[in-house]
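Student: In the UniProt record's numbering, the protein residues as written are 1 to 142.
Before I ask anything, let me first share the structure, which is written out below as structure tokens.
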């Protein structure tokens with residue numbers, strides 16, 4: 001179940017074709033729909049993302065916590081999910097980014113949203129970047 005804070009963002013997102021106000025006004029947001037790795041329950045998480053061509057890059061920052069967010073573990077367990085972008089729902093495939101590609105995108109991301117660099121300073125873990133490609137099918141087995 002989504003936290004009350006997240007639930008309010010989800011409701012605002014859906015009521016306004018993907019746009020929200022407050023701290024997230026002007027940000028690109030999506031709703032990531034995964035299945036709980038342990039619970040098997042559906043989960044919906046609002047996330048900021050950065051476009052990279054046709055891909056959507058999401059950030060597992062957890063506000064600089066020392067552990068990855070639950071949605072990251074749920075997403076990586078299956079490698080597929082659904083996202084809501086605007087009024088569209090799309091199946092996606094997830095790819096954990098590494099090496100030069102991660103460094104390039106991290107630099108681009110932190111120049112646009114410096115708060116993520118501050119989150120990285122709060123933790124010793126490398127904050128993961130995940131590319132979501134619109135060609136996946138979350139119900140199709142590997």
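Cβ atoms here follow ideal geometry from the backbone N, Cα and C, with glycine treated the same way.
These numbers come from a predicted model, not from an experiment.
For residue 74 and residue 27, what's the separation of their Cα atoms in angstroms?
Tutor: If you number the chain shown from 1, residue 74 lands on position 74. If you number the chain shown from 1, residue 27 lands on position 27. One C-alpha to the other measures close to 24 Å.
Student: By the 10 Å Cβ neighbour count, where 16 or more other Cβ atoms means buried, how is residue 34 classified, buried or exposed?
Tutor: Walking along the chain shown from the start, residue 34 turns up at place 34. Flag for residue 34 reads buried.
Student: Going by CA-CA distance only, name the one from 87, 29, 132 and 104 that's closest to residue 80.
Tutor: Within the chain shown, residue 80 is the residue found at index 80, counting from 1. Ranking the options by Cα distance to residue 80, first place goes to 132.
Student: For residue 133, which residues does DSSP report across the bridge?
Tutor: Locating residue 133 in the chain shown gives position 133, counting from the first residue. Per DSSP, 93.
Student: Assuming the contact rule is C-beta atoms closer than 8 Å, residue 158 and residue 32 should be a hit. Round their C-beta distance to whole Å, please.
Tutor: Any answer about residue 158 is impossible in this case: the structure gives the chain only from 1 up to 142.
Student: Return the bridge partner residues of residue 42 from the DSSP annotation.
Tutor: Translated into the one-based positions of the chain shown, residue 42 becomes position 42. Residue 42 pairs with 35.
Student: Return the Cβ separation of residue 40 and residue 87 in integer angstroms, given the expectation that the two are a contact with Cβ distance under 8 Å.
Tutor: For the purposes of this step, residue 40 is taken as residue 40 along the chain shown, with counting starting at 1. For the purposes of this step, residue 87 is taken as residue 87 along the chain shown, with counting starting at 1. Rounded, the Cβ-Cβ distance is 28 Å, inconsistent with contact.
Student: What span of residues does the alpha helix (DSSP H) with residue 15 cover, start to end?
Tutor: In the chain shown, the residue the question calls residue 15 occupies position 15. Taken as a continuous stretch (DSSP letters only), the alpha helix (DSSP H) holding residue 15 covers 4-15.
Student: Expressed to the nearest angstrom, what Euclidean distance is found between the alpha-carbon atoms of residue 138 and residue 93?
Tutor: Stepping through the chain shown from its first residue, residue 138 is reached at position 138. Stepping through the chain shown from its first residue, residue 93 is reached at position 93. The pLDDT assigned to residue 138 is 46, lower than 50, so where the model puts this residue is not dependable, and the model offers no usable value.
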